[in-house]
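Written below as structure tokens is the structure these notes are about.
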Amino acid sequence: GGQEPGGRSGTLSPALCAGFGAAAALAKQRFGADRAHAAQLFRAGFQALGSAGWTLNGSKDERYPGNLNLLYPRLDVARLMSELRDIAFSAGSACASGSGRPSHVLQALGLSDAEARSSIRLGFGRYTTEEDLLDAIQRIDAAARAQRIAA
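Counting from 1, position 124 in the sequence shown corresponds to residue 127 in the numbering used here; the numbering is continuous, with no gaps.
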């Protein structure tokens, strides 16, 4: 029926509702530890790339710690992603993913179109280890530097 204005009509699954409630309770219980872990990963990632020609997009302090958005000038992000298919990272910001347009969020932070297109985003959380993050960062940095040498 059409009782849900434009949405999917039907009865919600009680099992799915109960599962969502249990997941929300668990997330609330783990929030502090998860945030501290993400903050440690952010510090480690930022320290690893902070002096390597990368620039942090946005505030270092006023941000969600599980997101590291970085600019490497004149980086061909599509090529980088193609070369590193086994590493999960994204171009620009989540708001513009897959659109082909530069991120309006990065533009609002003052980046030019070219800078926004030369930015990558790393996300991490509870299941990310510092070792995995630093390995990914080392490989991303090496591939970015190789692009610059080849240019």
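All C-beta atoms, glycine included, are put in the ideal place defined by N, C-alpha and C.
In this structure, P76 is the residue among L44, P76, E65 with its C-alpha nearest to the C-alpha of L114. With contacts defined as CB atoms closer than 8 Å, Q141 and R82 fail to qualify as a contacting pair. By the neighbour-count definition (other C-beta atoms within 10 Å, threshold 16), L78 is a buried residue.
With respect to the 8 Å criterion, N70 and L112 are not classified as neighbours on the basis of their beta carbons.
Excluding sequence positions up to five before and after R129, its CB lies within less than 6 Å of the CB of D37, all in the same chain and listed in chain order. With contacts defined as CB atoms closer than 8 Å, L125 and G53 fail to qualify as a contacting pair. Put simply, the backbone Cα of R88 is about 31 Å away from that of A26. The C-alpha of L73 lies about 41 Å from the C-alpha of A18.
Membership of I123 in any alpha helix (DSSP H) is not indicated; the residue belongs instead to the beta strand (DSSP E) covering 122 to 126.
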